[in-house]
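Chains as they are written, first to last, in the working numbering: chain D, 506 to 656; chain F, 60 to 748.
Every residue, glycine too, gets a C-beta built ideally from N, C-alpha and C.
Encoded as structure tokens, the structure appears first; notes follow it.
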């Protein structure tokens, strides 16, 4: 499987390329006042409007740095209503790696505060942890961003 | 020794010496003349008074002699007439106190006769004729008659008879206080007729002297005729005759007794050797005293007095006149003092004139000397006061002219040196800066050349990849069709990038002058690289979605991504280097003016490039991938990089040359600076207004 890599702080993470739609430059977003924490704003994408989550802000409390390498990854959000998409603002989303599915292993540490963290795989001298899109949003957040979705 | 002192000494000292010698001589002469005059006046006083006394004595003695002659020629024995005669003589001479005759016992044989008409008071108890007429003070000065007394013990009778008879004069004489032991038997009156002037003695309350003459008949001593005189009158007389305020008189008798002493009357009748004035009188009495007026100390008062002596032949008296020294020397000294004052006043006036003249002359010479000294020491701030038309005036005005000229010259030199100094400093600073800039440019261009080489290599590599892509796309037509849009876009972008890089390569020579534009270009390149990365990432995602069909394309996209990353890194380096060039350029803009022409060209071209790049960017953003163009672009990029490299090397050489010339300029300006510093040091010795 192909993992699109990015970075939160110093650590490397990856997203399954098959769940992704496109990688976009960090175009200006329309801020949404009163939106829940972690929501960076709204993105107009291919004649639809999708919410964008700042993963760095969500994980570390600091917003993502404004660099060329900071990008918005548009993904299919299967936990939401059918056909719904979500934007993820991540740092250093400049590379992708092909990894074997059997190389992915469970980290062995439960992370109730960050349920979206999945398996890890060795990549060079670093570990890459897969981010599970379905578990990314808390129920409250999911409800706020995708009102039409299930419980 | 100062000039002023020398002039004063040279002109004043001889004059002063001359005046001093003349003054001393003059004063001495004046003093001695005045003293001689004073002494002459004392001597004249003594002689005049002695002359008067001589006349008195002489007249008295002559009267007595005349009375004796009358006795010898007919009057002898005519007692009544004789007595009347004596009275008449006394009446006729007011200055006499007594007039008398005295006969030897019974010399006329009439002692025992009682001749009618003869006053009994003219006889003694034996009838001896001894009529003595005198002025009776008790009776108001009326004439009185009484017999003579003490004939056998007195000089006036016994002394005279002893002398006539050839006996010793003093035989049988009795006199209060005695006579001087220095008496040598001298006759009181010179001449054949033995006349007698007695010693002064007190009689009837008066100090009197008697002058007697013998009555010689037939060679025998028959009696005498005599006249009395009071010595108190002599004192008054002497005082009346004195010519000096402090004149005092001493009168010594025949036998060395004091007749008169106006200063101390108690000395009268004493023998001279028993008095305090013995030292004065003894030599005089002996006839050993010099005739000149002498200066002696008064034995009684101790004061110094001028003493003159004069002899009175009749009576063999000696007169001494003494005058207080102060009275004589006072006027003399006053005279000398007055003359001295006049001389001193003259000297002071002369000295003042000499001093003023010397000061005027020397003052200007000293001013000139002081000015010259200060100028020698470097002080030109002084002002010289020049006045007068003589040589010193000319000297001072010449000095003033010289000082003004020097000050002006130095002022101009100073300002010139200051200008020179600042100019030299500017040159030094400029050349140093220039050198620094040249070095910076040299280093920067070297690095740029290296970077360009890297880009060239990268482009070559990319070229190879492009061929590979072409081959791959042939075999994966279907998959490529799906990714064509993106690939075309990438190709267009690459071509745009190549064109841009080519333009950059052509213009990099002038880009150094316009670094801000280059910065924009760098940013653009970075964005392009970023876009390339993004496109390749999306291509990879699409390839993944395409499953097996996308496998080959995934590899290509990964390579593209890698190369784009490298290009981005290289561009980052260029950006950093350009930033350094920009820094150097911005600091050296002013000094790089001679490159302005080329820069201007470059600016225009870069502006055009910028515009072109803008267009390219638009194209890159909108265009689909165009790999063919990328191929050509890569080649152009490689060639462009070579050109950049060459241009950079040329630029570096120029910078090195420029650096050398800057160093030479700096060395020259350092020498100039040193020379100017020397000049300044020399000038600084002088202070000007």
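Unbroken stretches of the alpha helix (DSSP H), 4 residues or longer, contained in the stretch 368-436 of chain F: Within the stretch 368-436 of chain F, the complete alpha helix (DSSP H) runs of at least 4 residues are 384-436.
Residue range of the beta strand (DSSP E) that includes residue 516/D: DSSP places residue 516/D in the uninterrupted beta strand (DSSP E) bounded by 516-521.
Interface flag, residue 580/D vs chain F, CB-CB below 8 Å: For residue 580/D, not one C-beta of chain F is nearer than 8 Å to its own C-beta.
Within 8 Å, strictly: CB atoms of residue 305/F and residue 383/F: Going by C-beta atoms, residue 305/F is nearer than 8 Å to residue 383/F.
The stretch 145-161 of chain F touching the stretch 120-131 of chain F, judged by at least three CB pairs closer than 8 Å: Yes, the stretch 145-161 of chain F is in contact with the stretch 120-131 of chain F.
Contact check, residue 379/F vs residue 340/F, beta carbons under 8 Å: Yes. Within cutoff.
Residue 265/F: first and last residue of the uninterrupted beta strand (DSSP E) it sits in: Start and end: 265-276.
Ranges of the alpha helix (DSSP H) found wholly within the stretch 298-360 of chain F, counting only runs of at least 4: Complete alpha helix (DSSP H) runs here, min 4: 337-345.
Residues bridged to residue 637/F [DSSP beta-bridge criterion]: In the DSSP assignment, no residue is bridged to residue 637/F.
Cβ of residue 530/D within 8 Å of any chain F Cβ: At least one CB of chain F lies nearer than 8 Å to the CB of residue 530/D.
Beta-carbon spacing of residue 524/F, residue 601/F below 8 Å: Not a contact, by the Cβ cut-off of 8 Å.
Given 8 Å, three or more beta-carbon pairs between the stretch 555-567 of chain D and the stretch 631-639 of chain F: These segments do not touch.
Short CB-CB distance (under 8 Å) between residue 620/F and chain D: Between residue 620/F and chain D, the shortest Cβ-Cβ separation is below 8 Å.
Three-pair Cβ contact test at 8 Å for the stretch 205-212 of chain F versus the stretch 179-186 of chain F: As far as the Cβ criterion goes, the stretch 205-212 of chain F touches the stretch 179-186 of chain F, which means the pair count is three or higher.
Nearest residue (CA-CA) to residue 301/F, options 353/F, 223/F and 103/F: Out of 353/F, 223/F and 103/F, the CA that lies nearest to the CA of residue 301/F is found in 103/F.
Segment limits, alpha helix (DSSP H) that includes residue 582/D: In this chain, residue 582/D is not harboured by any alpha helix (DSSP H), its DSSP state being neither H nor E.
Integer-rounded CB distance, given that residue 268/F should sit under 8 Å from residue 288/F: Rounded, the Cβ-Cβ distance is 5 Å, consistent with contact.
Between the CA atoms of residue 111/F and residue 117/F - distance to the nearest angstrom: Approximately 10 Å, taken between the alpha carbons.
Helix, strand or coil at residue 153/F [DSSP, three-state]: Here residue 153/F sits in coil by DSSP.
Environment of residue 577/D [buried if 16+ CB atoms lie within 10 Å]: With 16 or more other Cβ atoms within 10 Å, it is buried.
Per-residue DSSP class, three states only, for residue 676/F: Low per-residue confidence applies at residue 676/F: pLDDT is 49, beneath 50, and the placement is therefore not dependable enough to give any value.
Nearest residue (CA-CA) to residue 259/F, options 218/F, 328/F and 488/F: It is 328/F whose Cα lies nearest to the Cα of residue 259/F.
Spatially closest choice to residue 486/F from 728/F, 456/F and 67/F, by CA coordinates: Ranking the options by Cα distance to residue 486/F, first place goes to 728/F.
Rounded C-alpha distance that separates residue 460/F from residue 746/F: When rounded, the distance between both Cα atoms is 16 Å.
Proximity test, Cβ basis, 8 Å: residue 603/F and chain D: With 8 Å as the cut-off, residue 603/F counts as an interface residue toward chain D.
CB contact below 8 Å: residue 630/D versus chain F: Using beta-carbon distances, residue 630/D does not count as an interface residue toward chain F, since no partner is under 8 Å.
Pairwise C-alpha distance: residue 734/F and residue 713/F: So the alpha carbons of these two residues sit roughly 31 Å apart.
Where residue 576/D sits in the DSSP three-state scheme: In the displayed model, residue 576/D falls within a strand according to three-state DSSP.
Residue 576/D at chain F interface by Cβ criterion, 8 Å: Interface flag for residue 576/D against chain F is set, since a Cβ pair is found closer than 8 Å.
Cβ separation of residue 628/D and residue 602/D, assumed to be a contact under 8 Å, to the nearest whole Å: With 8 Å as the limit, residue 628/D and residue 602/D qualify as a contact, their Cβ atoms being about 6 Å apart.
Given 8 Å, three or more beta-carbon pairs between the stretch 62-81 of chain F and the stretch 403-412 of chain F: With a cut-off of 8 Å, the stretch 403-412 of chain F and the stretch 62-81 of chain F count as touching, because enough Cβ pairs lie within range.
Status (buried if at least 16 other CB within 10 Å, exposed otherwise) for residue 265/F: Classification for residue 265/F: buried.
Proximity below 8 Å, CB of residue 193/F to CB of residue 157/F: Yes, these two residues count as a Cβ contact at 8 Å.
Integer Cβ distance of residue 613/F from residue 588/F, believed to fall under 8 Å: Under the criterion of beta carbons closer than 8 Å, residue 613/F and residue 588/F do not qualify as touching, at roughly 20 Å.
Same chain only: Cβ atoms within 8 Å of residue 172/F, ignoring 5 sequence neighbours per side: Once the five neighbours on either side are set aside, the close Cβ partners of residue 172/F are 186.
Contact set between residue 633/F and chain D, taken where Cβ atoms lie within less than 7 Å: Chain D residues near residue 633/F: none, gap ~16 Å exceeds 7 Å.
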